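For the sequence shown, the residue numbers in the working numbering are 1 to 527.
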Amino acid sequence: MNRPKVARPETGVGTGPSSRATIAILDFGSQYTQLIARRVRESRVYCEIFPHDVTRAELDARGVIGVILSGGPASVYEPGAPGIDPAILDGTLPVLGVCYGMQLMAHVLGGDVVAEGKREYGPATVEIGEHGGIFEGLGKAERAWMSHGDTVRKPPAGFVTLARTSTVPVAAMSDGRTRYAVQFHPEVAHTPHGAEILRNFLYRVCGARGDWTPAAFVEEAVAELRARIGDRHAICALSGGVDSAVAATLVARAIGDRLTCVFVDTGLLRANEAEEVVATFGPRLRLIHVDAADRFLGKLAGVDDPERKRAIIGEEFVRCFEEQASRVGEVDLLVQGTIYPDVIESRSRDSKTSARIKTHHNVGGLPEVMSLEVVEPLRRLFKDEVRRVGAELGIPEDILWRHPFPGPGLAVRVIGPIDRERLDTLRRADAIFIEELRAADLYRGVAQAFAVLTPVRSVGVQGDYRTYGALLALRAVTTEDFMTADWARLPYDLLERVSARIVNEVPGVNRVVYDISSKPPSTIEWE
Ligand code: XMP
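Rendered as structure tokens:
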């Protein structure tokens, strides 16, 4: 599958530790490029994804100690196939080619690559003939995941074949020193010992030290933020979510009271959320708590169109935030909790010509309207790393592991027009669902779980009375990236408990249903 190209990483303070020994992952358009990066980071080695046409000089300037060439959908023989600066392959820099990366390496260095005209997908058994190097400690035969078109028939001069499969004569090759390549995908879970192969490359071939730890990140980021911000003042919108919480805490560690955080209570938050945010961050940060519920609910009265709701909330949020900023006085910088997947995907989102499914309003509108310099201290971290950094900074687990929550909050979970009463009904039902999920120890096992209040009313019987009450839906999904999702197979007895408690404890609700739709064709939220 093809993915649009990644943005060229910027250099300079605030964009990541540029002096750190770095592994460069060159992106040739594989759907697995991000996965390679995550595996490398999991091995405690810092890495960044670069466009495939990055030059050797650029890599040298960034302190790159080794390169991984990703897979990709192209054939090396295709016109316009993505290429590589040959200086990267001159043997003086450790390089691991994966799939297309291997074919390209072979092609550039004069090996024999055949265009098969068809792709081979699926599991294969790789027979390893030469151990040592990237295969140190592995067995004679290893399961591996194949997904490739071209194959290498003969390695380039100076290279030997390290492994084969029943259909692929050169499943891995090397010059025995710095250059290695594999036809299969070590980054995917279907290659059980893939992580070891990558670790061997990082530690044995590149000489990585495994010093990419949350503590090291915090230390460097704090020093960098101090140097960049100097004695200027910053402001940050705290949403209660993980990313903004970690970004704000990190910046506060660097500049203390010169960071002001603004927490806007839109009246659309979950049960006790505002209280928790204030109790957790009030003592740690200079925090302004704005109770703007009347304002938001006033503007939303009678509005039932989801996109109108989003537009109103986005606009009102920016207004609230600006008002607070102007009260703080002189502010020069805006702190945002942007994380690495946002950075990687932003180019593709910007250039998307396809139909817009939903407008996602967070504080995304802020930088454009506020002409402040933006500081994004997490823009090189994956979500799991953000959580580990948060733990290092002493942020409570409950906040770090909280499910994502949409910027427009409960406004998109009360279907149709919103009022305080309906919000309150939803909040109570949602709290019961989450409480029971936690009690069953399943909260972390699902990516997102919540209740939705529908405008449907149905007949019921409670005691000896007929009721005509609201229909409430429960939604729980499992997903890696929120782009696709599956409904969570929650145990029936848990669903039964939740349903019984909701109809008994939440006035006005007499029927509970469980949403068993996947994304696509449904979305995670109902609006
Ligand atoms: P959908 O419903 O599009 O949601 O499958 C995917 C993820 O995005 C969240 N979401 C939003 N987040 N503003 C946000 O900040 C929004 O308007 C918005 N709409 C959906 C949703 O909760 C899920 O995690």
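Don't be surprised by glycine CBs; every beta carbon is placed ideally from N, CA and C. Computed from a predicted structure; not experimentally measured.
Item	Value
With a 10 Å radius around its C-beta and 16 neighbouring C-beta atoms as the bar for buried, classify Trp145 as buried or exposed.	buried
Check whether the stretch 171 to 183 and the stretch 127 to 135 are in contact - that is, three or more C-beta pairs closer than 8 Å.	yes
Would you decide whether Lys309 is buried or exposed? Buried here means 16 or more other CB atoms lie within 10 Å of its CB.	buried
So is the beta-carbon of Ile418 under 8 Å away from any non-hydrogen atom of the ligand XMP?	no
For Val303, does the three-state DSSP call read helix, strand or coil?	coil
Should Arg44 and Val242 be called a contact, given that it needs their Cβ atoms to be closer than 9 Å?	no
What is the rounded straight-line gap between the Cα of Val113 and the Cα of Ala106?	7 Å
Can the beta-carbon of Ala181 be found less than 9 Å from the beta-carbon of Val98?	yes
Can you tell me whether Gly460 is helix, strand or coil according to DSSP?	strand
Bridge partners of Asp112, per DSSP?	Lys154
Over the uninterrupted alpha helix (DSSP H) stretch that includes Ala216, give me the two end residues.	Pro214 to Ile229
Considering just the uninterrupted stretch of the beta strand (DSSP E) at Phe50, what are its terminal residues?	Cys47 to Pro51
As a quick exercise: from Gly337, Ile524 and Arg38, pick the residue whose alpha carbon is nearest that of Ala248.	Gly337
Indicate whether Pro408 and Gly314 have their beta-carbon atoms separated by less than 9 Å.	yes
Rounded to a whole number of angstroms, what is the C-alpha to C-alpha distance between Asp424 and Val509?	12 Å
Here's the rule I'm using: 16 or more other beta-carbon atoms within 10 Å means buried, otherwise exposed. How should Glu527 be labelled?	buried
Does the distance from the CB of Leu26 to the CB of Gly101 come in under 9 Å?	yes
Give the straight-line distance between the Cα atoms of Gly83 and Asp481, rounded to the nearest whole angstrom.	29 Å
According to DSSP, is Val386 part of a helix, a strand, or is it coil?	helix
Alpha carbons only, please: which of Gly394, Tyr465 and Pro455 is nearest the one belonging to Arg253?	Gly394
Hey, is Ile339 close to the ligand XMP, as in C-beta under 8 Å from one of its heavy atoms?	no
For Arg179, which three-state DSSP category applies?	strand
Compute the Euclidean distance between the alpha carbons of Ala451 and Ile65, then round it to the nearest angstrom.	48 Å
Is it a yes or a no for the stretch 397 to 412 touching the stretch 500 to 517, going by three-plus beta-carbon pairs under 8 Å?	no
Does DSSP put Ala538 in a helix, in a strand, or in coil?	Limits of the chain in this structure are 1 at one end and 527 at the other, which puts residue 538 out of reach.
Measure the alpha-carbon distance for Arg511 versus Val456 and round it to whole angstroms.	10 Å
DSSP beta-bridge partners for Phe450?	Arg475
Give the single residue among Val126, Arg143, Glu187 and Pro156 whose Cα lies nearest to the Cα of Ala37.	Glu187
The ligand FAD and Gly29: does the residue's C-beta get closer than 8 Å to at least one heavy atom of that ligand?	Only the ligand XMP can be found as ligands here, which leaves the ligand FAD out of the picture.
Here's the rule I'm using: 16 or more other beta-carbon atoms within 10 Å means buried, otherwise exposed. How should Thr523 be labelled?	exposed
Check whether the Cβ of Val414 sits closer than 8 Å to any heavy atom of the ligand XMP, and report yes or no.	no
Is Lys299 near the ligand XMP, going by C-beta to nearest heavy atom under 8 Å?	no
Cβ of Ala234 within 9 Å of Cβ of Val335?	yes
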